[in-house]
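S.K.: As given, the protein sequences belong to chains X and Y, one line each in that order. Numbered by UniProt numbering, the letters in the first sequence go through residues 1 to 384 in order. Numbered by UniProt numbering, the letters in the second sequence go through residues 1 to 267 in order. Note that the Cβ used here is the ideal one computed from N, Cα and C, for glycine as well. Input: one structure, supplied below.
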Amino acid sequence: MSEITLAGLEKRYGDTLAVEDVSVTIDDGELLCLLGPSGSGKSTTLRMLAGLETPTDGEIRIGDEDVTDRPAYERTTATVFQDWALFPHKTVLENVAFGLKMQGIGKSERRKQAREMLERVRMGEYADDDPMNLSGGQKQRVALARSLAVNPDVLLLDEPLSNLDKRLSEDMQIELREIHAELEETFVHVTHDQDEAFTLADRIGIMADGNLVQVGEPNEVYENPKNRFIEGFLGDTNFVAGEVERTTTESIHVETELGREVDLPTTGDADALAEGESVALSLRPEVLSIESTDVAGSDGNAEGEQATPVRTDGSTTNAVVGTVENVLYRGSTIRYSVAVEDTSVFVERTVADSGAFDAGDEIRISWDGADVLAFRDDGSRVDL
Amino acid sequence: MHRERLENALFRTGYLAILTFMLLPLAVVVVTSFAESGNLAFPPENYSLVHYRAFFEEMRWLSAFDNSLLVGVGTTITATTLGVTAAFGHEIDDGRAGQVLAPLVLIPLLIPPIILGISMRVYFVRAGFEASYLSIILAHTLWATPLVYFVMRSVFSRFDWQLLDAAKDLGAGPIRSFVYAVLPNVKHGIFVGALLAFIISLQEFVMALFLSSRSTETIPVVAWTEIRQSLDPMVSVVSTFLIIISLIAIVIATIATNLDWLSKQLS
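Right under this line is the structure:
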C-alpha cells in the first residue's frame, strides 16, 4: 500500500512562506501532477515528500506510516531531479546501481539489475559511458532508471522534462505514461507545463502561492475551475469585466465592457450574484465562433451588434461585432485579436477552417451563454 | 611591429625581470650550499659537497627534519579535517551560525604570530603540555585551518549540491552520501587545501620558536639559532632541501589537480 496523505503541509523559510497549506490524498498507483507557476511551492512540496525538506507544520503519511520527520534515505520514495543530478564521477551503470549498493545488494546482483533497468529505458548500450557525455534525453532516461532501480513505492518527478526540447519532451511524456501503466506505482510529477500535466495526469493538483487550490481529473479542472486563477492559468482566455444589471430566475444580465449586455443562463441559485456586483466573464477562444459580418448581414441585418440571433436549436446566443486588429499565425491555428468597443478579444481558427480574415475586417463573434464562466472580484467562481 | 604586440612584449620583459630579481636569492642559497669553505660567501671560491656530508652527520638537523615532518603531517590532518567539515557544514546550513563563522575563522590570520606565540606559550604551560609536538601542531592548525576553510568554501560553491540530495534520496545516510557523492567531486580541492596546510606548517617560524624545546624544534627554528651563532653554508644546505621539498609539493599539486585533464589527454 502506498497511498500518500498530505495534511496541512507548511514550509516556512524565515519570513518566507514557501508552502502554506497543502492537503491531499494520492491514491495507490495514481499519477498526480502538481501544476503551477514558478514560486507556487510545488517543488518544495515534492521535496518534502522526498524527505529532502522538513515541513514546518503538517503531516505526511505514506501507506500507514507517518514519515513526516523521516529523512530522505529512510523513505521509500525516489526522485528524478530537474537537472537529473547524475553522479559525474560514476559510469552510467554505476549511477543506476548506486541505490542498490546503498541497500547492501552484492556487486554482481546489483550490476545485473541495473543493466536490466537500463535496457528497460533503452539505454543498455551506454552502460559504461560517462554520463556527462550523454544528451539531455539520454541523461533523462538514465536518471529515470536510477530512481526506478531502487523499486520505490512512490516515484517523484521534479520537472524532469523542462530541460528537453518540445519534441523530446512529448516523446518522454508518452514513455512515462507507459512506464507508469506498467509499474502500477504511485507517481507524483511536478510541472509548470499544462500540456504536460494534461497528457500525463490521472489527476491534476493546481498550486498557487503555496496552496493547493484544486485537485481533480484534467477535464474537470479545465471545465470546472474553482477560481479565476485556474481559469486563466489553464489555457488562454478572454476576461471581460462587467457589472450585474439585473437577475431573473433564468438568467443574469451583465453589462460588459464589450458595450453589450451578456446573458448568463442560470439553473441554480438566482441570488448567486447581487445586482450591481462586478464580475469578470471568461470567454475561452474555443467557445467563440466567428463569421464575417457580410455573411451575417446577407439577410439584410446591417446592425448585427444589436441583434440577438436565435440558433437552430433554439438557444439564444450572445454576439458582438468587432474589427480585426492583428493576425497571428501560430502554426496550426490562426489567432485574431479583435477590437470590440474599448476592449480587445482574441479568437482562434484552425488553418483548415475556410475563410481567413485580414486586419481591418469586421467580424461577428458569438457564443453560447452557457459556455461563459463568471468570477467575482475575489476570484471565486460564480455558481450559475 | 603591431602596437599591441609591442606592449605585450614590454610587459613580459618587465615581469620576467622582476621575477628573476626576486628569485635570485634562492639561486645564491643553492650555490653557496656547495661552498668548500666554512664561511658564507658569494660566490664561493671552491665547490664541494663537504657541507652536505656534514648535514647528514649532524643529529640536530636530522631530528629537526623529522620534527618538521611530524608537525607538518599533524597540522595537515587536523587543519584539513576542521577546514573541510567547517566549510561543508556552512554550505549545508547557511544560518546565523554560518554568518558568524567566516569572520571568526579569519581572526587567527589577523593577529601577529609573535603575539599568538607568546600567548599560546603561556596558555600551554598552564594546560600542562608546553614544548610538546601537540602544542606546535595546534598553533599551526590555528593558522592553516582558515586557509583550508576558504579554499573549500570556494570549491563547495562550485559543487552541484543536488548530487548530495540524489545520494540521500537513493538511500545513502549522512556519512555515506558525503563519501560517495561529495568527496569524489571535491578531492582535488581537499588535496590543495591539505598541501597548503602542510606548507604553512613547514615554513612557520615565530610560533614554533616560542612553543618548541630542544627536542621538538623544527627546521626554521634550528636555522635561526644556527645563524645567530655562525653564518656557515650549512644553512644554505638546509634551505636547498626546503626549496626542493616545496618544488616537489608544487609539482605533485599541479599533477593532482590536473589529473582529469591529463587522463583526457591520454585517452
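To the nearest angstrom, report how far apart residue 95 of chain Y and residue 8 of chain X are at their CA atoms.
M.R.: Here residue 95 of chain Y corresponds to residue number 95 of the second sequence, with the count starting at 1. Here residue 8 of chain X corresponds to residue number 8 of the first sequence, with the count starting at 1. If you take the alpha carbons of residue 95 of chain Y and residue 8 of chain X, they lie about 26 Å apart.
S.K.: Whole angstroms are fine: how far does the CA of residue 258 of chain X sit from the CA of residue 299 of chain X?
M.R.: Residue 299 of chain X sits at position 299 when you count from the first residue of the first sequence. Residue 258 of chain X sits at position 258 when you count from the first residue of the first sequence. Residue placement at residue 299 of chain X cannot be trusted, given a pLDDT of 45 that sits under 50; the coordinates are not used to answer.
S.K.: Using beta-carbon positions only, say whether residue 388 of chain X and residue 351 of chain X come within less than 8 Å of one another.
M.R.: Residue 388 of chain X lies beyond the range of chain X shown here (1 to 384); nothing can be said about it.
S.K.: Between residue 256 of chain Y and the rest of its own chain, which residues show a CB-CB distance below 6 Å, the 5 nearest in sequence each way excluded?
M.R.: The residue you call residue 256 of chain Y lines up with position 256 of the second sequence. The answer, listed in chain order, is 191.
S.K.: Compare the C-beta of residue 311 of chain X against all C-beta atoms of chain Y and say whether one is closer than 8 Å.
M.R.: Working through the first sequence from its first residue, we reach residue 311 of chain X at position 311. Reliability of the predicted coordinates at residue 311 of chain X is poor, the pLDDT of 47 falling under 50, and no value is obtained from them.
S.K.: Closer than 8 Å, CB to CB, is residue 150 of chain X near chain Y or not?
M.R.: Position 150 of the first sequence holds residue 150 of chain X. Residue 150 of chain X counts as touching chain Y.
S.K.: Are the C-beta of residue 103 of chain X and some C-beta of chain Y separated by less than 8 Å?
M.R.: Within the first sequence, residue 103 of chain X is the residue found at index 103, counting from 1. It does; some Cβ of chain Y falls within 8 Å.
S.K.: What number of angstroms, rounded off, separates the C-alpha of residue 265 of chain X from the C-alpha of residue 253 of chain X?
M.R.: Residue mapping note: residue 265 of chain X aligns to position 265 of the first sequence, counting from 1. Residue mapping note: residue 253 of chain X aligns to position 253 of the first sequence, counting from 1. So the two alpha carbons sit approximately 9 Å from each other.
S.K.: Rounded C-beta distance between residue 92 of chain X and residue 64 of chain X? I'm assuming under 8 Å.
M.R.: What you label residue 92 of chain X is simply residue 92 of the first sequence in a count that begins at 1. What you label residue 64 of chain X is simply residue 64 of the first sequence in a count that begins at 1. Contact flag wrong, Cβ pair sits at about 36 Å.
S.K.: Output yes if chain X places a C-beta closer than 8 Å to the C-beta of residue 158 of chain Y; else output no.
M.R.: The sequence position of residue 158 of chain Y within the second sequence is 158, counting from 1. No, residue 158 of chain Y lies away from the interface with chain X (no Cβ there is under 8 Å from its Cβ).
S.K.: Answer with yes or no whether the minimum CB distance from residue 91 of chain X to chain Y is below 8 Å.
M.R.: What you label residue 91 of chain X is simply residue 91 of the first sequence in a count that begins at 1. No - not a single Cβ of chain Y is within 8 Å of the one on residue 91 of chain X.
S.K.: How many Å lie between residue 78 of chain Y and residue 219 of chain Y at the Cα?
M.R.: By 1-based counting over the second sequence, the position of residue 78 of chain Y is 78. By 1-based counting over the second sequence, the position of residue 219 of chain Y is 219. Roughly 21 Å between the two C-alpha positions.
S.K.: Taking only three categories from DSSP, how would you classify residue 125 of chain Y?
M.R.: Numbered from its first residue, the second sequence carries residue 125 of chain Y at position 125. Helix.
S.K.: What's the C-alpha gap between residue 313 of chain X and residue 357 of chain X?
M.R.: What you label residue 313 of chain X is simply residue 313 of the first sequence in a count that begins at 1. What you label residue 357 of chain X is simply residue 357 of the first sequence in a count that begins at 1. Bear in mind that a pLDDT of 46 at residue 313 of chain X, under 50, signals an unreliable position, so the number given afterwards is only what the model happens to contain. C-alpha separation (whole angstroms): 27 Å.
S.K.: Taking 8 Å as the CB-CB limit, is residue 346 of chain X close to chain Y?
M.R.: Along the first sequence, read from residue 1 onward, the residue named residue 346 of chain X stands at position 346. So no, residue 346 of chain X is outside the interface.
S.K.: Could you name the residues of the same chain whose beta carbon sits closer than 6 Å to that of residue 146 of chain Y, not counting the 5 residues immediately before and after it, in chain order?
M.R.: Residue numbering aside, residue 146 of chain Y sits at position 146 when the second sequence is read from its first letter. Counting only Cβ-Cβ distances below 6 Å, and skipping sequence neighbours, we find 105, 106, 109.
S.K.: Can at least three beta-carbon pairs, one atom from the region 33-43 of chain X and one from the region 200-215 of chain X, be found at a separation below 8 Å?
M.R.: yes
S.K.: Closer than 7 Å: is that where the CB of residue 144 of chain X sits relative to any heavy atom of the ligand ATP?
M.R.: Absent from the structure shown: the ligand ATP. Ligands present: none.
S.K.: Check whether the Cβ of residue 336 of chain X lies closer than 8 Å to any Cβ atom in chain Y.
M.R.: The sequence position of residue 336 of chain X within the first sequence is 336, counting from 1. For residue 336 of chain X, the answer is no, since every Cβ of chain Y falls outside 8 Å of its Cβ.
S.K.: Just to make sure I have the definition right: I need the residues of chain X whose C-beta is within less than 9 Å of the C-beta of residue 162 of chain Y. Which are they?
M.R.: Within the second sequence, the letter at position 162 stands for residue 162 of chain Y. Going along chain X in sequence order, the residues near residue 162 of chain Y (Cβ under 9 Å) are 81, 82, 83, 84, 85.
S.K.: Please return the same chain residues whose Cβ sits closer than 6 Å to the Cβ of residue 304 of chain X, not counting the five positions on each side in sequence.
M.R.: In the first sequence, residue 304 of chain X corresponds to position 304, counting from 1. Its pLDDT being 41, under 50, residue 304 of chain X is placed unreliably in this model, and the value from its coordinates should be taken loosely. Closer than 6 Å at Cβ, skipping near neighbours: 293, 296, 321, 364.
S.K.: Taking all protein chains shown into account, do 16 or more other C-beta atoms lie within 10 angstroms of the C-beta of residue 17 of chain Y, making it buried, or fewer, making it exposed?
M.R.: If you number the second sequence from 1, residue 17 of chain Y lands on position 17. With fewer than 16 Cβ atoms within 10 Å of its Cβ, residue 17 of chain Y is classed as exposed.
S.K.: Leaving out five residues before and five after residue 11 of chain X in sequence, what residues of the same chain have Cβ atoms less than 7 Å from its Cβ?
M.R.: Counting from 1 along the first sequence, the entry for residue 11 of chain X is found at position 11. Contacts found: 18, 19, 44, 48, 53, 55, 56.
S.K.: Spatial neighbours of residue 370 of chain X within its chain, please: CB distance less than 6 Å, with the 5 preceding and 5 following residues excluded, ordered by chain position.
M.R.: The residue labelled residue 370 of chain X in the question sits at position 370 within the first sequence. Closer than 6 Å at the Cβ level, and outside the excluded window around residue 370 of chain X, lie 265.
S.K.: Is residue 322 of chain X helix, strand or coil by DSSP?
M.R.: Position 322 of the first sequence holds residue 322 of chain X. It is a strand residue.
S.K.: Compare the C-beta of residue 16 of chain X against all C-beta atoms of chain Y and say whether one is closer than 8 Å.
M.R.: Within the first sequence, the letter at position 16 stands for residue 16 of chain X. Chain Y contact via Cβ: absent.
S.K.: From the beta carbon of residue 187 of chain X, is the nearest beta carbon of chain Y less than 8 Å away?
M.R.: Position 187 of the first sequence holds residue 187 of chain X. The Cβ of residue 187 of chain X sits no closer than 8 Å to any Cβ of chain Y.
S.K.: In angstroms, rounded to a whole number, what distance separates the CA positions of residue 248 of chain Y and residue 3 of chain Y?
M.R.: Against the second sequence, residue 248 of chain Y aligns to sequence position 248. Against the second sequence, residue 3 of chain Y aligns to sequence position 3. So the two alpha carbons sit approximately 40 Å from each other.
S.K.: Check the Cβ of residue 88 of chain X against every Cβ in chain Y and list those closer than 9 Å, keeping chain order.
M.R.: As a first step, residue 88 of chain X must be located in the first sequence, where it is residue number 88. The answer, in chain order, is 160, 163, 184, 185.
S.K.: If I follow the unbroken beta strand (DSSP E) through residue 367 of chain X, where does it start and stop?
M.R.: If you number the first sequence from 1, residue 367 of chain X lands on position 367. In this chain, the beta strand (DSSP E) harbouring residue 367 of chain X covers 362-368.
S.K.: What number of angstroms, rounded off, separates the C-alpha of residue 70 of chain Y from the C-alpha of residue 62 of chain Y?
M.R.: To locate residue 70 of chain Y, count along the second sequence from 1; it is residue 70. To locate residue 62 of chain Y, count along the second sequence from 1; it is residue 62. In this structure, the CA atom of residue 70 of chain Y is about 13 Å from the CA atom of residue 62 of chain Y.
S.K.: Could you have a look at residue 151 of chain X and say whether DSSP puts it in helix, strand or coil?
M.R.: Residue 151 of chain X sits at position 151 when you count from the first residue of the first sequence. Three-state result, residue 151 of chain X: coil.
S.K.: Give the single residue among Y:183, Y:222, Y:163, Y:244 whose Cα lies nearest to the Cα of residue 80 of chain X.
M.R.: Taking the first sequence and counting its residues from 1, one reaches residue 80 of chain X at position 80. Comparing alpha carbon positions, the residue from Y:183, Y:222, Y:163, Y:244 closest to residue 80 of chain X is Y:163.
S.K.: Measuring straight from C-alpha to C-alpha, what distance separates residue 6 of chain Y and residue 13 of chain Y?
M.R.: Taking the first residue of the second sequence as position 1, residue 6 of chain Y is located at position 6. Taking the first residue of the second sequence as position 1, residue 13 of chain Y is located at position 13. About 11 Å.
S.K.: Shorter than 8 Å from the beta carbon of residue 315 of chain X to some beta carbon of chain Y?
M.R.: Within the first sequence, the letter at position 315 stands for residue 315 of chain X. With a pLDDT of 47 at residue 315 of chain X, under the threshold of 50, the modelled position of this residue cannot be trusted; read the value that follows with caution. With 8 Å as the cut-off, residue 315 of chain X does not count as an interface residue toward chain Y.
S.K.: Grab the span of the alpha helix (DSSP H) containing residue 183 of chain Y for me, first residue to last.
M.R.: Mapped onto the second sequence, residue 183 of chain Y falls at position 183. From DSSP, the alpha helix (DSSP H) with residue 183 of chain Y extends over 183-203.
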